[in-house]
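A.B. asks: Numbering follows our numbering, in which position 140 of the sequence shown is assigned residue number 133; successive positions increment by one, without gaps.
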Amino acid sequence: MIAEEFEKLFKTRPEISGFTPGRVNLIGEHIDYNGGRVLPTALNLGVTLALSPRTDGKIRIGSDKFDDVAKRSIGEATSDHWSDYITGALQIAHTEGFGPKGADIAVTTNLPFGAGISSSAAVTVCVLRAVRDLSGGKLTDTDLAVLARRVENEYIGMPCGIMDQMAVAIARPGQALSLNTDTLNFDLIDLPKTHHMAVIHSGVFRQLNEGRYKIRKEECDQIKAAAGREDICRMSDSELDALRDLPDDIFRRARHCVNEHRRTVAAADALRENRMEDFGALMNESHISMRDDFEMSVPPVDALVEDAQNFGATGARLTGGGFGGCIVACVAHEKLDAWREKLLAAHPNAFWVA
Ligand code: GLA
């Protein structure tokens, strides 16, 4: 279908097409830039694109989601336009010597934007993978994820960690990626057949580059300076205690980082051993920590999480960058339909994503 869309736009067949999934993080929030372990999984939803290289420095991008065909060029800076991620991905691939000088691209997605399920990482990795495959290059999927993060950090100006890019480049639906964000070592854990990981949008939309994410990142930089180390998630209790003189909110950010990392390690073990009650309890604790210590939630999300838990989920929490977006809930299959109906009826602004 994407090939037909491409043909309609550019009157020729594309040279390559590809799909990259979105992701939902099961647990381990805001610790992927603090040396922690995270546990995302890939969604069935994602980004599909078709691409043909150009040699004249021009980039043309069409999407059924937008009316205009974006006309960009390979050396161009961001212009606060939906085509920025694709332009940035092509630019870095070209600078790194494996990407073409320009491209025609048709792209579509069934991922909602600004939902905390990584539509931007998915589109960036999808472009990088397409041009790597076209070039016959040797870069691994981890290499692509590292480049995709550079697009965010250096081109877009969003100081994110590496979780989203690794998740969409490596995880497949039905698997959780237990990722050490310090070393980029990972293992894949099969999700249990007994439970569903439900993703529900709170109805509160936000953009990460709005600034609140950046503030949290800067607060963590303050902790790193005080602790004299980058991997603040891995501090011992006494090392954390030694930071008590920091302002109270900054100390609580540090406490979230340490505890969230430990919870994520424990959650990966619980998942491996099919201890879903333990897994759910860790999700619930994670939400409290995000709400009270990291202060990255908002009241409608808290209310949604609370009802998700009360209506029978094994565990539920805010997921992603925070300040709105989606929750993720672990729900036993036999409870899923009734749970979903009750939750959505109680929260008319919320909607089912995956
Ligand atoms: C966003 C960022 C990630 C990560 C999460 C929070 O999705 O892109 O790097 O920090 O927020 O866990």
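In this text, a Cβ means the ideal position worked out from N, Cα and C, and glycines have one as well.
1) Would you call residue 48 buried or exposed, if buried means 16 or more other Cβ atoms sit within 10 Å of its Cβ?
2) May I ask you to verify whether the stretch 132 to 142 touches the stretch 154 to 162, counting CB pairs closer than 8 Å and requiring at least 3?
3) Would you list the one or two residues that DSSP bridges to residue 190?
4) Can you list, in chain order, the residues of its chain whose CB lies under 7 Å from that of residue 199, leaving out five sequence neighbours each side?
5) First and last residue of the beta strand (DSSP E) that includes residue 111?
6) Is it the case that the CB of residue 276 approaches a heavy atom of the ligand GLA more closely than 6 Å?
7) Hey, how far is the Cα of residue 239 from the Cα of residue 248?
8) For residue 52, which beta-bridge partners are listed by DSSP?
9) Look at the alpha carbon of residue 68 and the alpha carbon of residue 42, and state the distance between them as a whole number of angstroms.
10) Could you have a look at residue 332 and say whether DSSP puts it in helix, strand or coil?
11) At 3 residues or longer, what runs of the beta strand (DSSP E) sit wholly inside the stretch 2 to 28?
12) If you draw a straight line from the alpha carbon of residue 76 to that of residue 270, how long is it in whole angstroms?
13) Among residues of its own chain, excluding the 5 on either side of residue 223, which ones have a beta-carbon nearer than 7 Å to its beta-carbon?
14) Taking C-beta to C-beta, are residue 6 and residue 257 nearer than 7 Å?
15) Have a look at residue 296 and residue 251 and give me their C-alpha separation to the nearest angstrom.
16) Who pairs with residue 345 in a beta bridge, going by DSSP?
17) Between residue 213 and the ligand GLA, is the CB less than 6 Å from at least one heavy atom?
18) Would you identify the three-state DSSP class for residue 149, choosing helix, strand or coil?
19) CB residue 117 to CB residue 144, shorter than 7 Å?
20) Helix, strand or coil, according to DSSP, for residue 164 in the structure here?
21) Considering only C-alpha positions, which residue in the set 52, 154 and 122 is nearest to residue 21?
22) For the ligand GLA, is there any heavy atom lying closer than 6 Å to the beta carbon of residue 157?
23) Is it buried or exposed, residue -6, if we count other Cβ atoms within 10 angstroms and call 16 or more buried?
24) On the DSSP bridge list, what partners appear for residue 33?
25) Sort out for me which residues DSSP pairs residue 46 with in a bridge.
26) CB residue 321 to CB residue 120, shorter than 7 Å?
27) From residue 157 to residue 330, what does the alpha carbon distance come to, in whole angstroms?
28) I'd like to know if the stretch 182 to 197 and the stretch 56 to 70 are in contact, where contact means that at least 3 CB-CB pairs between them fall below 8 Å.
29) Does DSSP classify residue 204 as helix, strand or coil?
30) Would DSSP call residue 281 helix, strand or coil?
31) What I want to know is whether the C-beta of residue 288 ends up closer than 6 Å to one or more non-hydrogen atoms of the ligand GLA.
32) When you compare the stretch 73 to 88 with the stretch 167 to 179, are there three or more beta-carbon pairs, one atom per stretch, that lie closer than 8 Å?
33) So what does DSSP say about residue 175, is it helix, strand or coil?
34) I'd like to check one pair, residue 255 with residue 287: are the Cβ atoms closer than 7 Å?
C.D. replies: A quick look at the data gives this:
1) exposed
2) yes
3) 323
4) 107, 316, 317 and 318
5) No beta strand (DSSP E) holds residue 111; DSSP gives it neither H nor E.
6) no
7) 12 Å
8) 65 and 96
9) 22 Å
10) helix
11) 9 to 18
12) 43 Å
13) 28 and 217
14) no
15) 26 Å
16) 193
17) no
18) helix
19) yes
20) coil
21) 154
22) yes
23) exposed
24) 18
25) 96
26) no
27) 29 Å
28) no
29) coil
30) helix
31) no
32) no
33) coil
34) no
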